[in-house]
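According to full-length UniProt numbering, the sequence shown holds residues 1 to 284 in order. See structure below.
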Amino acid sequence: MPIELKNVSKNFGDSCALDKVSLNFGDNKIYGLLGNNGAGKSTLLGILTGRLYPTEGSVTVDGEEIVNNDAALGKMYLVAEKNMFPDDMKVKAAFDAAGLYYPEFDRAYAETLANKFGLPQKKKIKALSTGYASIFRLILGLSVNTPYLFFDEPVLGLDAQHRDMFYRELLTRYADRPCTMVISTHLIAEAADLIEHAVIIRNGKILKDCPRDELTADAYTVSGPAGAVDKYIEGKHVLSASVLGGLKTASVQGAREAVPEGLEVAPINLQDYFICLMEEEDRK
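Written out as structure tokens, the structure is:
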């Protein structure tokens, strides 16, 4: 596989951020790295891109170890909260510098995006608002044209309009120049339609690693009178359940069986599945 993690662990003192994680990221696919705060998403992305060293395990890109390997690391770009350029550098100068670090950097495209998002290129990076600082980092990521592109909570600080613009530009960029993208986010409902393959992480361990449609196809919700729902879900794998008055809604994992009259069945979306899975883990 193009990117492979083998038994990767990362400890910070006595705290285990990643616990024997093994993953593969294939060519030309959009992955969603999903997890609550503190799940290990940022640590995983840091190790993938060489910003952190694993305590144990290895990471390879196209079959090559990334440690002390500038050629392998140059195939990847991480969009994260921390800027890679000095804060007193102007946006325009940062675009100039990006072309030196990344030969495939598309300066014309970056300027087009800057105009579209209203990013002032003559401002210093430190003078940008929180939202425009995020936009600056996203524009760099969309313009570097590396084979592997990682986004760590990419839309933090963006308003609804700019978030929608970013998602559209990401899909346009992916269609024009397919690559491997990994999007780490807790805004699952917004990103769900982008994601082809979901990786769900909790407390440094991988819970799920499969195509998005497989996750949601294997689960559903059933609702109706509480007694009828209880009878239907008996013996089934119930992810979560809630009661309001005399009505009950349950999320069930497994093959869907014939539903008695009076009950309603609906497919489960990715965000609801994630919430149900977290609630199930909380009960363990």
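Backbone N, C-alpha and C fix where the C-beta goes; we use that ideal spot for every residue, glycine too.
Rounded straight-line distance, which links the Cα of residue j to that of residue i
i           : j      : result
Gly254      : Ala241 : 15 Å
Arg163      : Ile30  : 17 Å
Leu52       : Met181 : 19 Å
Gln121      : Leu270 : 38 Å
Lys284      : Gln161 : 39 Å
residue 311 : Asp272 : Because the chain in this structure spans residues 1 to 284, residue 311 falls outside the shown range and cannot be described.
Ala250      : Arg177 : 42 Å
residue 285 : Glu64  : What the structure shows of the chain is the stretch from 1 to 284, and residue 285 is not part of that stretch, so it cannot be assessed.
Leu18       : Ala108 : 39 Å
Lys75       : Ala98  : 14 Å
Asp88       : Tyr132 : 15 Å
Ala266      : Thr216 : 11 Å
Asn145      : Ala175 : 12 Å
Gly50       : Tyr232 : 50 Å
His186      : Gly35  : 7 Å
Asp152      : Gly141 : 11 Å
Cys16       : Ala80  : 22 Å
Asp159      : Asn203 : 30 Å
Lys236      : Ala39  : 28 Å
Gly32       : Ser22  : 16 Å
For residue j and residue i, believed in contact at Cβ under 8 Å, the rounded distance
i           : j      : result
Phe117      : Ser143 : 12 Å between Cβ atoms; not a contact.
Arg212      : Ala198 : 5 Å
residue 288 : Ser223 : The question about residue 288 has no answer here: the residues shown for the chain are numbered 1 through 284.
Val259      : Ala219 : Not quite, the Cβ-Cβ distance comes to about 15 Å (not below 8 Å), so this is no contact.
Leu78       : Phe150 : 5 Å
Cys179      : Asn28  : 6 Å
Pro2        : Asp62  : 6 Å
Pro154      : Ile183 : 7 Å
Leu194      : Leu171 : 7 Å
Ala66       : Lys10  : This sequence places Ile at residue 66; Ala is not what is there. Their Cβ separation, rounded to whole angstroms, is 14 Å, which puts Ile66 and Lys10 out of contact at 8 Å.
For residue i: DSSP bridge partner residues
i           : result
Asp209      : Val199
Cys16       : Asn11
Gln253      : Ala219 and His237
residue 350 : No statement about residue 350 is possible, as the shown extent of the chain runs from 1 to 284 and does not include it.
Pro267      : Tyr220
Leu5        : Leu23 and Val59
Lys41       : Lys41 pairs with nothing; no bridge assigned.
Pro225      : Leu247
Do the segment 3-11 and the segment 55-66 touch if we need at least three Cβ pairs shorter than 8 Å? Contact holds: three or more Cβ-Cβ distances are below 8 Å.
Taking 8 Å as the threshold, find out whether the segment 113-132 comes into contact with the segment 36-46 through three or more Cβ pairs. The segment 36-46 and the segment 113-132 do not touch, with fewer than three beta-carbon pairs separated by less than 8 Å.
Are three or more beta carbon pairs between the segment 268-280 and the segment 238-252 nearer than 8 Å? Between the segment 268-280 and the segment 238-252, the count of C-beta pairs closer than 8 Å reaches three or more; the two stretches touch.
Please confirm if the segment 82-97 is in contact with the segment 133-148, defined as three or more CB-CB distances below 8 Å between the two stretches. Yes, they touch.
contact_flag[the segment 163-175, the segment 89-107] where n(CB pairs < 8 Å) is 3 or more: Too few Cβ pairs lie closer than 8 Å, so no.
Indicate whether the contact test is met: 3 or more Cβ pairs, each with one atom in the segment 224-233 and one in the segment 206-213, closer than 8 Å. No, the segment 224-233 is not in contact with the segment 206-213.
With a floor of 4 residues, list each alpha helix (DSSP H) that falls wholly inside the segment 103-162, ordered by position along the chain. 107-117 and 130-143, all fully within the segment 103-162.
Only counting runs of 3 or more residues, tell me where the beta strand (DSSP E) segments fall wholly within the segment 55-91, in order along the chain. Segments of the beta strand (DSSP E) lying fully in the segment 55-91: 56-61 and 76-79.
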